[in-house]
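All residue numbers for the sequence shown refer to this note's numbering, where the first residue is 6 and numbers rise by one.
Only one structure is covered here, and it is reproduced in the block below.
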Amino acid sequence: LMQTNMPGVFAAGDIVTFPLAFRNNKKVNVGHWQMAHMHGRIAALNILGKGVEINTVPYFWTAMFGKSIRYAGHGEGFDDVIIQGDLDERKFVAFYTKKATGMNNCIQTWRSDEVIAVSSMNYDPIVSKVAEVMASGRTIKKRDVETGDMSWLFGKGT
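Written out as structure tokens, the structure is:
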């Protein structure tokens, strides 16, 4: 909601922490303009009493010297990186994964590796597609990206 601990006081931008929906509402700070823009929008709507929660995936990109670099997600605390493509050719995608633990009646019941962030160089539009999947609430498992078959991401596979 972007409201501070002071009633009627809202904050936005790189000075705030906020609950990141696709990371189970973990409180995070992401200091780039896409998130600051979203924070401002959400804060304004809530100042107007709309009761809107923030639900977005951090995303940024740049292009320099003929190279496109993109990043989506929040990779803090990643356990492993799965690389597809060719690092030497500077055409690759990197999936950052983290072990996730499920609980059932206060007992740990399962562990799996989930993709929490993705970055790429000259491998468009895969980062945008992954951000869309994350925003939809669908979990991407490490096993989904280990094979190199990305057809699942473009709706052509399982």
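Beta carbons: idealized from backbone N, C-alpha and C, even for Gly.
Bridge partner(s) assigned by DSSP for residue i
i           : result
residue 86  : 101
residue 177 : Because residue 177 is not part of the residues shown, which for the chain are 6 to 163, the question remains open.
residue 15  : 8
residue 91  : 96
residue 122 : 78, 101
residue 33  : 23
Where residue i falls, given that 16 or more other Cβ within 10 Å makes a residue buried
i           : result
residue 79  : buried
residue 122 : buried
residue 27  : buried
residue 103 : buried
Contacting residues, own chain, Cβ-Cβ under 6 angstroms from residue i (five flanking each side not counted)
i          : result
residue 34 : 22
residue 48 : 7, 15, 17
residue 86 : 99, 101
Inter-residue CB distance, residue i and residue j (contact presumed, cutoff 8 angstroms)
i           : j           : result
residue 44  : residue 7   : 6 angstroms
residue 57  : residue 100 : That belief does not hold up - the Cβ atoms of residue 57 and residue 100 are roughly 30 angstroms apart, past 8 angstroms.
residue 146 : residue 117 : 6 angstroms
residue 158 : residue 132 : At roughly 11 angstroms, the Cβ-Cβ gap does not stay under 8 angstroms, so residue 158 and residue 132 are not in contact.
Neighbourhood of residue i by C-beta, 8 angstroms cutoff - its chain only, sequence neighbours within 5 removed
i         : result
residue 5 : Residue 5 is absent from the structure shown; the chain starts at 6 and stops at 163.
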